[in-house]
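J.: Everything in the sequence shown is counted per the numbering used here, starting at 2 for the first residue and increasing by one. Here it is, the structure, as structure tokens.
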Amino acid sequence: MTIFLIWVVAFVLIAYFANKRWECGVSQGLDKMLPEVLKSHGDNRYLWVAALAVLGATTLIRPVDVLLVAILLAVIGLIIVKLANWASSMAH
2 MTIFLIWVVA FVLIAYFANK RWECGVSQGL DKMLPEVLKS HGDNRYLWVA
52 ALAVLGATTL IRPVDVLLVA ILLAVIGLII VKLANWASSM AH
């Protein structure tokens with residue numbers, strides 16, 4: 002229960018500060034990192050604030066879990082890229 006309460010407090014604080022600083026830098030920083038399809042251009046403010054707050058609070062509470070998920074996604078992405086390259090070379 003205490004971990005949940007700490008997560009909720011971290012979520013609320015991260016969401017508050019991200020929302021407060023949205024126009025001053027969060028939106029521009031987010032747009033620099035994302036591909037064109039996902040860029041917010043200042044729109045979808047509350048969706049991105051909530052996503053950043055969930056990711057930030059989870060990273061604060063369970064950093065090893067987040068790291069393992071990131072590694073797993075990177076490995077899956079690498080396998081998909083390798084399979085796509087292999088399939089495209091077989092098509093020629």
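Cβ atoms here follow ideal geometry from the backbone N, Cα and C, with glycine treated the same way.
Leaving out the 5 sequence neighbours to the left and right, which residues in its chain are closer than 6 Å to G57 when beta-carbon positions are compared?
T.: By 1-based counting over the sequence shown, the position of residue 57 is 56. These residues qualify, in order along the chain: I15.
J.: What is the DSSP secondary structure of K21, reduced to helix, strand or coil?
T.: Taking the sequence shown and counting its residues from 1, the one referred to as residue 21 is at position 20. Looking at K21 - three-state DSSP - the assignment turns out to be helix.
J.: Taking 6 Å as the limit between beta carbons, can you name the residues of its chain near W8, skipping five residues before and five after?
T.: By 1-based counting over the sequence shown, the position of residue 8 is 7. Within the same chain, W8 has close Cβ partners A58, I62.
J.: Measure the alpha-carbon distance for L73 versus D44 and round it to whole angstroms.
T.: Taking the first residue of the sequence shown as position 1, residue 73 is located at position 72. Taking the first residue of the sequence shown as position 1, residue 44 is located at position 43. Cα to Cα, the separation comes out at about 30 Å.
J.: So for D44, helix, strand or coil by DSSP?
T.: On the sequence shown, residue 44 is found 43 positions in, with the first residue counted as 1. Coil at D44, not helix or strand.
J.: Quick one, which of I4, V13, I80, D66 has its alpha-carbon nearest V55's?
T.: By one-based count along the sequence shown, residue 55 stands at place 54. Considering only alpha carbons, the answer is V13.
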